[in-house]
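Protein chains: 2
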Amino acid sequence: MMYQNGTGARRLRELPEKEALRLLAGVPFGRIVFTRHALPAIRPVNHVVVDGAIVIRSSPGTILGSHVAPAEAVVAYEADELDGHERLGWSVIITGVARLVTEPGEAARLRAVLTPWVAGEMEQVIRIQPEIVTGFELVPAAVTA
Amino acid sequence: MMYQNGTGARRLRELPEKEALRLLAGVPFGRIVFTRHALPAIRPVNHVVVDGAIVIRSSPGTILGSHVAPAEAVVAYEADELDGHERLGWSVIITGVARLVTEPGEAARLRAVLTPWVAGEMEQVIRIQPEIVTGFELVPAAVTA
């Protein structure tokens, strides 16, 4: 793709749900967003998408593992690929309930396809089933006058 | 930097507050995290850091511009540079109150240093004064045995 002006104005093009999930599945990490003591909180984490759900790993020693997932709280999950120089790229946001995967065989199957980046006890598997999927792409505004 | 194994385990090194803010100021965009109807929400947005505060632009037609900032809500703001291949990088999260800049001279001064990426009415200027600053860097775990 070539654009005459890398810093020209952009507009947001809404992404179809299927394309948004495909983009999210194609990147290795995102950011989980939750509420902690009524305050907004966010943590970057690596993920895989399995059967249309976002799968992440956690540790019982973290807020995510000890409070958010056991409470089956609603979370948002965001991933993007944005180029700050070209001002192009995409962002996808899903909203859904975060649940601990408690069935041992299922948890083992998911652990096998998702290695945590961070060393240590990350035995918990958390699955987020998308309920709302939104995504946009930054595209040049008014390419023709 | 060279590492023998690009997919080796990592550990999190906590960043000093000053270094965290410097990293945040060095990138052009991040993600604002807020609560909407008691649910977690997140929006990517471009920013500048002025006098230690994060400055973004918004439009009265958005949730951010019409509800979050006028209510002086507590928000989180996250920026990162993470390399999914090398599994290295950093993430910075600040928490603070989002406020509309209402003083016309001040708003004009800030608009002059922050061009919105997205075309359209983005007349509002929102300032987030950091109250809590946390940051981490992903570093190789146990470089020596």
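Note that the protein sequences, when read in sequence, are chains A and B. According to the numbering used here, the stretch in the first sequence is residues 1 to 145, in order. According to the numbering used here, the stretch in the second sequence is residues 1001 to 1145, in order. Where is the CB? At the ideal position from N, CA and C, for every residue including glycine. In this text the structure is predicted, and so the values were computed from the model without any measurement.
Which residues in chain A have a C-beta closer than 7 Å to the C-beta of residue i? List them in chain order.
{"i": "Gly-1084 of chain B", "result": "Val-27, Pro-28, Phe-29"}
{"i": "Leu-1138 of chain B", "result": "Trp-117"}
{"i": "Arg-1111 of chain B", "result": "Residues of chain A passing the Cβ test: none, with the nearest at roughly 15 Å."}
{"i": "Arg-1087 of chain B", "result": "Trp-117"}
Could you list which residues in chain A have their beta carbon closer than 9 Å to that of residue i, in chain order?
{"i": "Thr-1095 of chain B", "result": "Leu-39, Pro-40, Ala-41"}
May I ask you to report which of helix, strand or coil DSSP gives residue i?
{"i": "Pro-104 of chain A", "result": "helix"}
{"i": "Leu-138 of chain A", "result": "strand"}
{"i": "Met-1002 of chain B", "result": "In this prediction, Met-1002 of chain B scores a pLDDT of 41, lower than 50, which makes its location untrustworthy; the coordinate-derived value is nonetheless stated afterwards. Looking at Met-1002 of chain B - three-state DSSP - the assignment turns out to be coil, as it is neither helix nor strand."}
{"i": "Arg-1099 of chain B", "result": "strand"}
{"i": "Gly-65 of chain A", "result": "helix"}
{"i": "Ala-53 of chain A", "result": "strand"}
{"i": "Leu-1023 of chain B", "result": "helix"}
{"i": "Val-113 of chain A", "result": "coil"}
{"i": "Ala-1145 of chain B", "result": "The pLDDT assigned to Ala-1145 of chain B is 43, lower than 50, so where the model puts this residue is not dependable; a value taken from the coordinates is nonetheless given after this. Note: Ala-1145 of chain B maps to coil in three-state DSSP."}
{"i": "Glu-1017 of chain B", "result": "helix"}
{"i": "Arg-87 of chain A", "result": "coil"}
{"i": "Pro-70 of chain A", "result": "coil"}
Taking Cβ-Cβ distances shorter than 8 Å, what residues in chain B pair up with residue i?
{"i": "Ala-119 of chain A", "result": "Ala-1009, Arg-1010, Arg-1011, Ala-1141, Ala-1142"}
{"i": "Asp-51 of chain A", "result": "What Asp-51 of chain A touches in chain B: nothing, since even the nearest Cβ is about 22 Å away."}
{"i": "Thr-148 of chain A", "result": "Since the first residue shown for chain A is 1 and the last is 145, residue 148 of chain A is missing from the structure and cannot be characterised."}
{"i": "Leu-114 of chain A", "result": "Correct list: empty, because the minimum Cβ distance to chain B is about 13 Å."}
Using a Cβ cut-off of 7 Å, pull out every chain B residue sitting near residue i, in sequence order please.
{"i": "Ala-76 of chain A", "result": "Pro-1040, Ala-1041, Ile-1042"}
{"i": "Ser-91 of chain A", "result": "Pro-1044"}
Since residue i and residue j should fall inside the 8 Å C-beta cutoff, what is the C-beta to C-beta distance between them, to a whole number of angstroms?
{"i": "Leu-1012 of chain B", "j": "Val-1092 of chain B", "result": "Going by Cβ atoms, the distance from Leu-1012 of chain B to Val-1092 of chain B rounds to 13 Å, so no, they are not a contact pair."}
{"i": "Val-74 of chain A", "j": "Pro-1040 of chain B", "result": "7 Å"}
{"i": "Phe-1136 of chain B", "j": "Leu-1015 of chain B", "result": "6 Å"}
{"i": "Ala-141 of chain A", "j": "Ala-1119 of chain B", "result": "4 Å"}
{"i": "Gly-84 of chain A", "j": "Val-1027 of chain B", "result": "6 Å"}
Can you list the residues of chain B that residue i reaches, using a CB-CB cut of under 9 Å?
{"i": "Thr-35 of chain A", "result": "Thr-1035, Ala-1038, Leu-1039, Pro-1040"}
So which of the options has the shortest CA-CA distance to residue i?
{"i": "Leu-1088 of chain B", "options": "A:Ile-128, A:Ala-71, A:Asn-46, A:Gly-120", "result": "A:Asn-46"}
{"i": "Glu-1121 of chain B", "options": "B:Pro-1060, B:Gly-1052, B:Pro-1044, B:Pro-1028", "result": "B:Pro-1060"}
{"i": "Thr-1134 of chain B", "options": "B:Glu-1123, B:Ile-1094, B:Ala-1108", "result": "B:Ile-1094"}
{"i": "Gly-65 of chain A", "options": "A:Val-139, A:Glu-131, A:Gln-124, A:Lys-18", "result": "A:Gln-124"}
{"i": "Gly-1030 of chain B", "options": "B:Ala-1112, B:Ile-1128, B:Pro-1070", "result": "B:Ile-1128"}
{"i": "Glu-1131 of chain B", "options": "B:Pro-1070, B:His-1037, B:Ala-1098, B:Thr-1062", "result": "B:Ala-1098"}
{"i": "Leu-986 of chain B", "options": "B:Ala-1069, B:Val-1139, B:Glu-1019", "result": "For residue 986 of chain B there is no data in the structure shown, the boundaries of chain B being 1001 and 1145."}
{"i": "Ala-1009 of chain B", "options": "A:Ala-112, A:Gly-105, A:Pro-116", "result": "A:Pro-116"}
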